Amino acid sequence: AEAAPQRQGAVQLDRGEMRMALTAAGYSSIGEIAADGPRVMAQAVNPEGESVVVELDPKGRVMREINR
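Going by this note's numbering, the letters in the sequence shown line up with residues 18 to 85, in that order.
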């Protein structure tokens with residue numbers, strides 16, 4: 018496994034921790050998780066059963082949800 022680049026300031030969660038944060042927030046069927054600068058985008062199914070893209074902050078907090 019290659020080391021993740023070090024970020025200044027906030028501690029960034031790894032993908033496993035992001036998955037756990039999404040599961041704890043009620044999301045399921047979590048797919049690809051991709052970093053986009055300071056944001057992290059994840060494909061998932063929301064608690065209402067809709068396929069969405071979820072935007073997370075580096076600490077794993079859900080910032081917004083985008084319908085696909």
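Note that CB positions come from ideal geometry on N, CA and C, so glycine has one too.
As the structure is a prediction and not an experimental result, all values here were calculated from the model.
Could you check how far apart the C-beta atoms of residue i and residue j are, in whole angstroms? I think they sit under 8 Å.
{"i": "residue 16", "j": "residue 47", "result": "The question about residue 16 has no answer, for the chain in this structure spans 18 to 85."}
When we look at the beta-carbon of residue i and count the other beta-carbons within 10 Å, is it buried (16 or more) or exposed?
{"i": "residue 41", "result": "exposed"}
{"i": "residue 51", "result": "exposed"}
As a quick exercise: from the options, pick the residue whose alpha carbon is nearest that of residue i.
{"i": "residue 63", "options": "79, 32 and 33", "result": "79"}
{"i": "residue 65", "options": "33, 38, 45 and 32", "result": "45"}
{"i": "residue 57", "options": "67, 77 and 69", "result": "77"}
Mind checking who residue i pairs with in its DSSP beta bridge?
{"i": "residue 84", "result": "69"}
{"i": "residue 58", "result": "51 and 72"}
{"i": "residue 45", "result": "62"}
Grouping DSSP H, G and I as helix and E and B as strand, with all else coil, what is residue i?
{"i": "residue 29", "result": "coil"}
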